[in-house]
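**Student:** According to our numbering, the sequence shown is numbered sequentially starting from 260.
Dumping the structure here so I can ask a few things about it.
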Amino acid sequence: MWTNAAIVKGKQTFRRMSALEGTKVSRIVVSAGKPGGVDTLELGGQTDRMVYVMSTGCPYCAAQREALRDLFAQVDASKIITLSMETSASTEDYWGDVRIAAPHQLVQIPGLAVRAVPLVLCVDKRGRIRHALLGLFATRLFGAVWNPAEQRCA
């Protein structure tokens, strides 16, 4: 499940995240917290969004957690969607000090199979992936995907 895996789009497997740029992701399906229940989070529309997918058991997620707390402090919290491979209840304590909403439990991103975390997607207002970062990344790369002054994808 960690970064030696890849992202699958249709029948193609990507290890280079730049190959995902331009992919349409207009919605994310998440657990509604009850057996079999799902909700849909819409992307695109009025604003760019930062999507972060993590897992509490992922050593790479844990390694960059402190840096992400500082980086996400630069992003309007309403523009961040956090997703977890586990139930939301199991991530509350782990994620609580980051000061953004507890992650939704990821069910599906239609068109993509997320098989590796941590994953950061910058999705523009047209619902297209502008940038994707997979695995442990240097914090200096964050500025290459998000413009904090304009609160949008770089």
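A virtual CB, placed ideally from N, CA and C, is assigned to each residue, including glycine.
Remember, predicted model here, so these are calculated numbers, not experimental data.
(1) Please classify P318 as buried or exposed, where buried requires at least 16 other C-beta atoms within 10 Å of its C-beta.
(2) Are there 16 or more other CB atoms within 10 angstroms of the CB of P305, so buried, or fewer, so exposed?
(3) What's the call for D307, buried or exposed, on a 16-neighbour Cβ count within 10 Å?
(4) Output the distance between the C-alpha atoms of L371 and S285, rounded to the nearest integer angstrom.
(5) Where does V404 fall in DSSP's three states?
(6) Going by other Cβ atoms of all chains shown within 10 Å of its Cβ, with 16 needed for buried, is T346 buried or exposed?
(7) Measure how close the beta-carbons of V379 and Y311 come, nearest whole angstrom, since I'm counting them as under 8 Å.
(8) Kindly list the residues whose CB is nearer than 8 Å to the CB of A413, restricted to its own chain and excluding five residues on each side of it in sequence; keep chain order.
(9) To the nearest angstrom, how far is the alpha carbon of E280 from that of R387?
(10) When we look at the beta-carbon of Q333 and count the other beta-carbons within 10 Å, is it buried (16 or more) or exposed?
(11) Got a sec, what are the start and stop residues for the alpha helix (DSSP H) A278 sits in?
(12) Going by DSSP in three states, R324 sits in which element: helix, strand or coil?
(13) Would you mind stating whether P362 and L393 have Cβ atoms separated by less than 8 Å?
**Tutor:** Taking the geometry as given:
(1) exposed
(2) The residue you asked about is not Pro; residue 305 is Gln in the sequence shown. Exposed, by the Cβ-count rule.
(3) buried
(4) A straight-line Cα-Cα distance of about 11 Å links L371 and S285.
(5) helix
(6) T346 is exposed by the Cβ-count criterion.
(7) 5 Å
(8) C381, R389, H390, G402, A403, V404, W405, N406
(9) For E280 and R387, the gap between their C-alpha atoms comes out near 7 Å.
(10) exposed
(11) No alpha helix (DSSP H) holds A278; DSSP gives it neither H nor E.
(12) helix
(13) no
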